[in-house]
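>
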Amino acid sequence: MEQSAYKPGEHPNLPPPSNTVGPIAWVRANLISSPTNIVLTVLSIWFLYEIIPATLEWAFMDAAFTGESRDECRAKAGGACWAFIGERFNLFTYGFYPADERWRIDLAFVLLCVALLPVLWDRCPFRKYGLYFACAFPFISGWLLLGGFGLMPVDTDEFGGFMLTLVIGVTGITFSLPIGIILALGRQSDMPIVRVFSIWFIEFFRGVPLITLLFVASTMLNYFLPTGTTFDLLLRVLIMVTLFASAYMAEVIRGGLQALPRGQYEAADSMGLKYWTSMRLIILPQALKISIPGIVNTFIGLYKDTTLVIIIGLLDPLGVGRSSLADTKWTGLSNEMYLFVAIFFFISCFGMSRYSLYLEKKLATGYER
Amino acid sequence: MAEVAVSPQRNAISRLWNDKESRSVIIQIITISLVFAFLAYIIHNAVVNLQAIGKGFSYNFLWQPSSYDINQHLIEYNSRSTHFRAMLVGILNTILVAICGIVLASIVGFVLGVLRLSKNWIVNRLAYCYIEYVRNVPVLLHILLVHGLIVHAFPVPRQAISIGDLTFMTNRGIFSPKPLYEPLFLVVVVLFLLGLAFMWWFRRYAQKVQDETGQHYPVFWIGLGAIVGVPLVSFFLLGSPITWDVPELKGFNFTGGMVVRPEFIALLLALSLYTAAFIGEIVRAGILGVYYGQTEASYALGINRGRSLSLVVIPQALRIIVPPLTSQYLNLMKNSSLAVAIGYMDIVATIGGISLNQTGREMECMIIVLALYLVMSLIISMIMNWYNKRIKLVER
């Protein structure tokens, strides 16, 4: 016997049985392991066969990429008419911002990326200065976009397109986190009055749809201001979106605060730390870490909700698209437009959720051993 | 005592500030006065502004004729009805789409969650792609897209897709026969309700008998017989006391029958398919959250696969699922307000839209709208909290 030549424990590892490795075994285990599975697999493949070739045909093979109008596109190809997106691309990006001043939006966008780098990447070179810059960024970009102080002033009515989405999204995200933290702490506070007001605020904003708040902002907010004051519509929308998101943020952070073991609070007290010091050094870092998935979900929700502004007449990408469809040259191309806008939102939101997964993994130093 | 350590230079205010109790009182007094000052300020402004333009604050407009039409009304309504009635129509429309949406989203969501857990690679990936696409694109875009697809993809009434010459699918909605009840039909309804009541009692009875003696009744089949079988048999014995009003093409549109409007279909589909993606992830997390040892333990006890799912895994998964599910239901209800973008006449579109524009009573209308949504949110949370309490683990 050949095998007996091996000493005990020195037998070489044999390859796994051939029916447990390789593509065929994988197909067996994952696609056709039972009758139900076979049916599901066949159905899925049939579904993909129906969908994918037709979609590719429509979007690429049979699509027109150039043309002056819908009729010209149709004459060239029977599928999608991307010339529409091409012609309106600037409108989709910048809205009605004056053409000569668009470099300011580009610059603000580049600066946004520069400001985000040190915030998102903890091994970024010169991170400390980068963070200072990130704090200054809202003011710099506000100056760039609105003008004044040497730049040509631009009215917020002319904001639109993806740029408007980014303005509302970034502002809402920046301000809703700190307000949300304060509301969450207020709701957990020992002071009954502070607690009650926080609860009322949070429950009110969570109980009504954002669209009604935007209607309030657009129709009746002027009544609550001194007679004769006018208040920029975009600013009103920004305030409402921020307050709305911060109520949700507060609940997410409250979840994190409640998930912390009581001992952490007691330990902070027994160290003699004051309230704010203990919050800043002990409680919040842990609570925020726990609530990262929820926080990012709220950000994504806020970012998606920016589309609601079309209902009160601001022109975000969807609004720009819908008004472009009213042009007789391009009428009836709604599928192309919706797909284009959907891709934009998908990329931004999917990116955010991936980043949150990465962050969760990186910070997972928790209680698991 | 703390006072001993305080040096005499410190004045009374700083001493008050450094005492935890008195500081909390001071902060609360400041908070309350700031909040009330703010409220007083804006109310004062509102009163001054309303006086300046000569508008009082009154709800009398609710009793004036609305003079606009609503294409989908569950209760009697025409353009001579009052604004109040228009509001009721709007509320019912919101409730209709919310309830249908919640049911549909739960079913689709549950299926998605199970598919996402499937060991079948293709099915799993398909569900994953669907969920990621839907979750990362705004719901308003879904609503507009589905509405556009329905309006463009379905033919005009003259070339309607006919299903057995009874139901017609057109871009103005789906027209189907409408049942007209004869008085005898009441008997069937009463029998159905009796069946429900009987079932409710019988389930408790069967449970009690099983607990005491171990004897097992076929509850499901008896229930099916009582709730479906008996009413169905009586329906035919009474000679089918229903006549059908079949829609007919007259001129450019169908008349008669029942119609489901494209706005309703679009809103329902978009909202429920959107929410279903979130529910799918919640269901998946809930089922994964039940420790696998539980399933193994139930197998070890000789419980079969189906029963171990329904008696062991799902009850535990529900405890994880219900709280986030509640907020998804609330989101669906609140998102139904986006109906205004496609012209479905819900609360926001009726009292908060056309009525508001016609009467110019912004303040009154918006207060009604906000209050209605708050009440509906409260009701859904109450129902779900009650349910959550019922399925909660009974701890010592």
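Protein chains in written order, with the numbering used here: chain A, 1390 to 1758; chain B, 5 to 400.
Using N, Cα and C, we set each Cβ at its ideal position, and we do this for glycine too.
Starting from the Cα of residue 1656(A), find the closest Cα among 1644(A), 1670(A), 1645(A) and give me that residue.
1670(A)
> Residue range of the alpha helix (DSSP H) that residue 1630(A) falls in?
That run of the alpha helix (DSSP H) goes 1622-1648.
> Taking C-beta pairs closer than 7 angstroms, name the residues in chain B that residue 1609(A) reaches, listed in chain order.
366, 367, 370
> On a CA-only basis, which of 1493(A), 1518(A), 1452(A), 1564(A) is nearest residue 1529(A)? Give me that one, please.
1493(A)
> In chain A, what lies closer than 8 angstroms to residue 345(B) by C-beta?
1699, 1700
> With a threshold of 8 angstroms, are at least 3 pairs of Cβ atoms found where one atom belongs to the segment 1455-1470 of chain A and the other to the segment 1716-1727 of chain A?
Touching, per the Cβ criterion.
> Label residue 1648(A) either buried or exposed according to how many other C-beta atoms from any shown protein chain fall within 10 Å of its C-beta, with 16 as the threshold for buried.
exposed
> Going by beta-carbon coordinates alone, are residue 20(B) and residue 143(B) separated by less than 9 angstroms?
no
> Can you give me the Cβ contacts of residue 181(B) inside the same chain, cut-off strictly under 8 angstroms, excluding the 5 residues immediately before and after it?
170, 171, 248, 249, 250, 251, 261, 262
> Rounded to the nearest angstrom, what separates residue 1746(A) and residue 1729(A) at their Cα positions?
26 angstroms
> Please list the segments of the beta strand (DSSP E) lying wholly inside the segment 111-149 of chain B, counting only runs of 3 or more residues, in order along the chain.
none
> Rounded to whole angstroms, what is the Cα-Cα separation between residue 221(B) and residue 328(B)?
35 angstroms
> Just to confirm before moving on: does the CB-CB distance between residue 63(B) and residue 285(B) stay below 9 angstroms?
no
> Which class does residue 326(B) belong to by DSSP, given the choice of helix, strand or coil?
helix
> Inspect the CB distances between the segment 301-310 of chain B and the segment 136-152 of chain B and report whether three or more fall short of 8 angstroms.
no
> Using only the alpha-carbon positions, how far apart do residue 1536(A) and residue 1498(A) sit?
15 angstroms
> For residue 1751(A), which residues of its own chain have a beta-carbon under 7 angstroms away from its beta-carbon, when the five flanking residues on both sides are left out?
none
> Do residue 173(B) and residue 359(B) count as a contact pair if the criterion is CB distance below 9 angstroms?
no
> Taking Cβ positions only, does residue 426(B) come closer than 9 angstroms to chain A?
Residue 426(B) cannot be examined here, being either before or after the span of chain B that is shown, 5 to 400.
> Check the Cβ of residue 1823(A) against every Cβ in chain B and list those closer than 8 angstroms, keeping chain order.
Outside the displayed range of chain A (1390 to 1758) lies residue 1823(A), so it cannot be described from this structure.
> Give me whichever residues DSSP pairs with residue 249(B) in a beta bridge.
182(B)
> Among residues of its own chain, excluding the 5 on either side of residue 128(B), which ones have a beta-carbon nearer than 6 angstroms to its beta-carbon?
Taking C-beta separations shorter than 6 angstroms and ignoring five residues to either side along the sequence, the partners of residue 128(B) in its chain run 122, following chain order.
> If residue 96(B) sits next to residue 1731(A), beta carbons under 8 angstroms apart, how far is it from one beta carbon to the other, in whole angstroms?
About 32 angstroms; that fails the 8 angstroms criterion.
> Nearest to residue 1543(A) by alpha carbon, out of 1468(A), 1557(A), 1621(A), 1604(A)?
1621(A)
> Closer than 7 angstroms by beta-carbon distance: list the chain B residues that pair up with residue 1722(A), in chain order.
Near residue 1722(A) there are no residues of chain B at all, since even the closest Cβ is about 10 angstroms away, more than 7 angstroms.
> For residue 1447(A) versus residue 1472(A), is the C-beta distance shorter than 9 angstroms?
No, Cβ-Cβ distance for residue 1447(A) and residue 1472(A) is not below 9 angstroms.
> Count the other C-beta atoms from every protein chain shown that fall within 10 angstroms of the C-beta of residue 5(B), then say buried if there are 16 or more, exposed otherwise.
Reliability of the predicted coordinates at residue 5(B) is poor, the pLDDT of 43 falling under 50, and the value obtained from them is presented with this limitation in mind. With fewer than 16 other Cβ atoms within 10 Å, it is exposed.
> Counting only beta-carbon atoms, is residue 1746(A) nearer than 9 angstroms to chain B?
Taking Cβ atoms only, chain B never reaches closer than 9 angstroms to residue 1746(A), which makes this a no.
> Which residues in chain A have a C-beta closer than 8 angstroms to the C-beta of residue 303(B)? List them in chain order.
Within chain A, no residue comes near residue 303(B); the closest Cβ sits about 17 angstroms away, beyond 8 angstroms.
> Among 1565(A), 1553(A), 1539(A), whose alpha-carbon lies nearest the alpha-carbon of residue 1623(A)?
1553(A)
> State yes or no: is the beta carbon of residue 58(B) nearer than 9 angstroms to at least one beta carbon in chain A?
By this cut-off, residue 58(B) is not an interface position.
> Can you tell me whether DSSP reads residue 1614(A) as helix, strand or coil?
coil
> My guess is that residue 345(B) and residue 1700(A) are in contact by the Cβ rule of under 8 angstroms, so how many angstroms apart are they, rounded?
Sure, about 6 angstroms apart at Cβ, within 8 angstroms.
> Please classify residue 166(B) as buried or exposed, where buried requires at least 16 neighbouring CB atoms within 10 angstroms.
An exposed status is given to residue 166(B), since fewer than 16 other beta-carbon atoms sit within 10 Å of its beta-carbon.
> Would you be able to state if there are at least three C-beta pairs under 8 angstroms between the segment 317-326 of chain B and the segment 389-398 of chain B?
yes
> Can you check whether the C-beta of residue 1444(A) is within less than 9 angstroms of a C-beta belonging to chain B?
no
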